[in-house]
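Sequential numbering of the sequence shown, starting at 1, is according to UniProt numbering. Please read the structure below before turning to the comments.
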Amino acid sequence: MAPVDIAVRNVSKSYRAQRDGRRSILGSTKRIQALKEISFNVQRGEALGIVGPNGSGKTTLIKLLARITSPDSGDITISGRLMSLVEVGAGFHPELSGRENIFLNAAIFGVSVAEVHERFERILEFSGLANFIDAPIKTYSSGMFVRLGFAIASQLDADILLLDEVLAVGDLAFQARCIDRIEEIRRSGQTILLVSHDLAAVERLCDRVLLLTSGEMAGEGSPRDMIEKYQISATKRIPDSNLNFENGGITLRGVSFICHDGAQPRTGAPLTVRVGYESDISIDDVVFTVSFIWPSGYICTELVSPSTTLAAGQGYVVFDCPILAIQRGLYTIDLTVTTVSGNVLAKRIRAAPFRVDPGLIVQGDFYMTHSARLERDKI
Numbered sequence: 001m002a003p004v005d006i007a008v009r010n011v012s013k014s015y016r017a018q019r020d021g022r023r024s025i026l027g028s029t030k031r032i033q034a035l036k037e038i039s040f041n042v043q044r045g046e047a048l049g050i051v052g053p054n055g056s057g058k059t060t061l062i063k064l065l066a067r068i069t070s071p072d073s074g075d076i077t078i079s080g081r082l083m084s085l086v087e088v089g090a091g092f093h094p095e096l097s098g099r100e101n102i103f104l105n106a107a108i109f110g111v112s113v114a115e116v117h118e119r120f121e122r123i124l125e126f127s128g129l130a131n132f133i134d135a136p137i138k139t140y141s142s143g144m145f146v147r148l149g150f151a152i153a154s155q156l157d158a159d160i161l162l163l164d165e166v167l168a169v170g171d172l173a174f175q176a177r178c179i180d181r182i183e184e185i186r187r188s189g190q191t192i193l194l195v196s197h198d199l200a201a202v203e204r205l206c207d208r209v210l211l212l213t214s215g216e217m218a219g220e221g222s223p224r225d226m227i228e229k230y231q232i233s234a235t236k237r238i239p240d241s242n243l244n245f246e247n248g249g250i251t252l253r254g255v256s257f258i259c260h261d262g263a264q265p266r267t268g269a270p271l272t273v274r275v276g277y278e279s280d281i282s283i284d285d286v287v288f289t290v291s292f293i294w295p296s297g298y299i300c301t302e303l304v305s306p307s308t309t310l311a312a313g314q315g316y317v318v319f320d321c322p323i324l325a326i327q328r329g330l331y332t333i334d335l336t337v338t339t340v341s342g343n344v345l346a347k348r349i350r351a352a353p354f355r356v357d358p359g360l361i362v363q364g365d366f367y368m369t370h371s372a373r374l375e376r377d378k379i
């Protein structure tokens with residue numbers, strides 16, 4: 001078994017809620033429990049993801065590991081040199097230049113000046129900030145802060161790397177470079193802790209995932225299992241929408257899903273989707289749309305009907321999918337009826353939950369229908 005680089009035992013942390021310091025009638029200040037009796041190990045060379053909703057204690061945990069703050073109770077043992085990128089601007093002095101802050105930030109983590117000089121050009125090249133490196137960093141955007149911070153943390157030798165939402169800031173090209181660099185670090189045998197709302201990146205980069213909810217451990221296991229558990233809990237917390245409306249004589253009666261083998265919908269299997277409607281009048285050029293929504297609120301994909309004429313009365317629009325291409329997880333369904341010109345006649349937000357079981361196991365957001373064959377070169 002690999003040595004343990006991080007050992008967390010029964011760690012709890014709370015913060016005072018009243019910023020002005022006023023005390024209650026009983027003479028005590030109210031406290032918010034950020035973490036409660038958290039315990040886990042991280043083995044050397046392991047990449048551990050930490051996921052959970054906002055306010056679940058993820059950043060507090062990373063700050064404890066980075067020694068920015070101390071736990072109220074419990075023990076944390078770190079074996080090896082640790083580098084962290086926890087929050088924008090942490091470890092930087094706003095009046096100093098980017099160049100000076102590289103040396104300052106490295107010194108905070110115990111890195112020698114000689115080592116920084118040796119790695120300076122690599123840090124500068126990765127950050128992409130050569131044209132701004134001698135400007136005071138108080139002039140930097142949040143994206144530039146993250147570029148510089150990640151370049152320092154990822155290019156200097158460390159045994160453990162802590163990253164908190166580094167993929168949430170910056171342009172897509174830099175995010176892709178960050179993911180590639182994290183994979184390189186992972187292959188080199190460094191230990192990584194990654195906090196991110198980018199679940200696809202967590203699944204791709206991590207060996208194991210912790211799920212935090214309200215400051216407590218809600219789960220620990222494989223990335224796929226923990227991400228699915230998080231998605232299910234996140235969907236349950238989504239409030240009912242007040243954006244539903246029916247305007248133009250059409251009522252949406254709901255949506256149902258039919259699997260041809262009678263099982264739960266699963267990736268790679270056929271699926272039929274039936275949308276019930278009732279129309280008070282005959283309407284020309286009507287389009288029905290079924291939207292599959294990730295827990296983040298973004299549209300995963302849509303089913304769109306051809307334009308049709310609706311006669312007065314009740315009926316169904318039926319979508320036949322030979323292969324369900326979306327990956328396992330819990331989605332919500334939005335239903336929309338529009339005219340060809342885009343005028344919305346009816347809409348139901350979060351009309352139903354939709355759970356997809358694993359089925360065909362592939363990485364990524366979608367399963368692409370395909371076949372494969374072997375061809376040998378002709379001699």
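In this text, a Cβ means the ideal position worked out from N, Cα and C, and glycines have one as well. Given the structure is predicted, the values throughout are model-derived calculations rather than measurements.
Proximity winner among the options, relative to residue i (alpha-carbon distances)
| i | options | result |
| --- | --- | --- |
| Ala201 | Arg224, Gly215, Asn247, Leu82 | Arg224 |
| Ile323 | Gly315, Val356, Ala372 | Val356 |
| Ile326 | Glu121, Pro358, Gly74 | Pro358 |
| Gly189 | Val344, Glu46, Thr369 | Glu46 |
| Leu330 | Leu252, Leu167, Tyr298 | Tyr298 |
| Lys138 | Ala7, Arg44, Ile50, Glu95 | Glu95 |
| Thr301 | Ile293, Gln175, Ser307 | Ile293 |
| Ala34 | Leu335, Leu167, Thr60 | Thr60 |
| Ile123 | Gly110, Tyr140, Asn105, Leu345 | Asn105 |
| Pro295 | Ala263, Gly313, Arg350, Arg187 | Arg350 |
| Phe126 | Ser112, Val146, Pro136 | Val146 |
| Asn131 | Ala107, His117, Arg99, Ala158 | Arg99 |
| Ile250 | Ser222, Phe288, Lys58 | Phe288 |
| Val8 | Gln43, Ala2, Ser14, Lys30 | Gln43 |
| Ile192 | Met1, Lys30, Leu48 | Leu48 |
| Val304 | Gly128, Val11, Tyr277, Thr336 | Thr336 |
| Lys30 | Ala17, Ser39, Ile38 | Ala17 |
| Met217 | Val4, Pro53, Tyr15 | Pro53 |
| Val79 | Gly91, Ser70, Ala66, Leu345 | Before going further, note that residue 79 is Ser rather than Val in the sequence given. Minimum Cα distance to Ser79 is reached at Ala66. |
| Val362 | Arg208, Phe109, Thr267, His197 | Thr267 |
| Tyr316 | Tyr230, Arg274, Ser341 | Arg274 |
| Leu345 | His93, Ile281, Tyr15 | Ile281 |
| Ser154 | Leu310, Asp75, Arg181 | Arg181 |
| Ile185 | Ala151, Leu199, Leu210 | Ala151 |
| Asp164 | Cys321, Asp284, Leu64 | Leu64 |
| Val318 | Ile50, Arg328, Pro306 | Pro306 |
| Met83 | Ile160, Leu129, Ile133, Ser70 | Ile160 |
Where the beta strand (DSSP E) through residue i begins and ends
| i | result |
| --- | --- |
| Arg355 | 344-356 |
| Val51 | 47-51 |
| Phe109 | Per DSSP, Phe109 belongs to no beta strand (DSSP E) and is neither H nor E. |
| Gly215 | Run containing Gly215: none; DSSP gives neither H nor E here. |
| Leu252 | 250-258 |
Simplified DSSP assignment, three categories, for residue i
| i | result |
| --- | --- |
| Phe132 | helix |
| Gln33 | strand |
| Met368 | coil |
| Met1 | coil |
| Asn10 | strand |
| Asp225 | helix |
| Leu209 | Sequence inspection shows Val at residue 209; the Leu mentioned does not correspond to that position. Val209 falls in the strand class under three-state DSSP. |
| Gln43 | strand |
| Arg204 | helix |
| Ser233 | helix |
| Leu194 | strand |
| Leu104 | helix |
| Leu335 | strand |
| Ile199 | The sequence shown places Leu at residue 199, not Ile. It is helical. |
Span of the alpha helix (DSSP H) around residue i
| i | result |
| --- | --- |
| Asp75 | No alpha helix (DSSP H) contains Asp75, which is instead part of the beta strand (DSSP E) from 73-78. |
Beta-bridge partners of residue i, as assigned by DSSP
| i | result |
| --- | --- |
| Met83 | Leu161 |
| Leu64 | Looking at the DSSP assignment, Leu64 forms no beta bridge with any residue, so it has no partner. |
| Thr59 | Answer is none; Thr59 lacks a bridge partner. |
| Leu330 | Arg355 |
| Tyr15 | Ile32 |
| Arg99 | Arg99 pairs with nothing; no bridge assigned. |
| Leu271 | Cys321 |
| Phe245 | Lys347 |
| Arg266 | Asp357 |
| Ile38 | Val11 |
query: In chain order, which alpha helix (DSSP H) runs of at least 4 residues are fully inside the stretch 276-324?
result: Secondary structure within the stretch 276-324: not one fully enclosed alpha helix (DSSP H) run of 4 or more consecutive residues is present.
message: Going residue by residue through the stretch 116-188, where are the continuous beta strand (DSSP E) segments of at least 3 residues, counting only ones entirely within it?
response: 160-164
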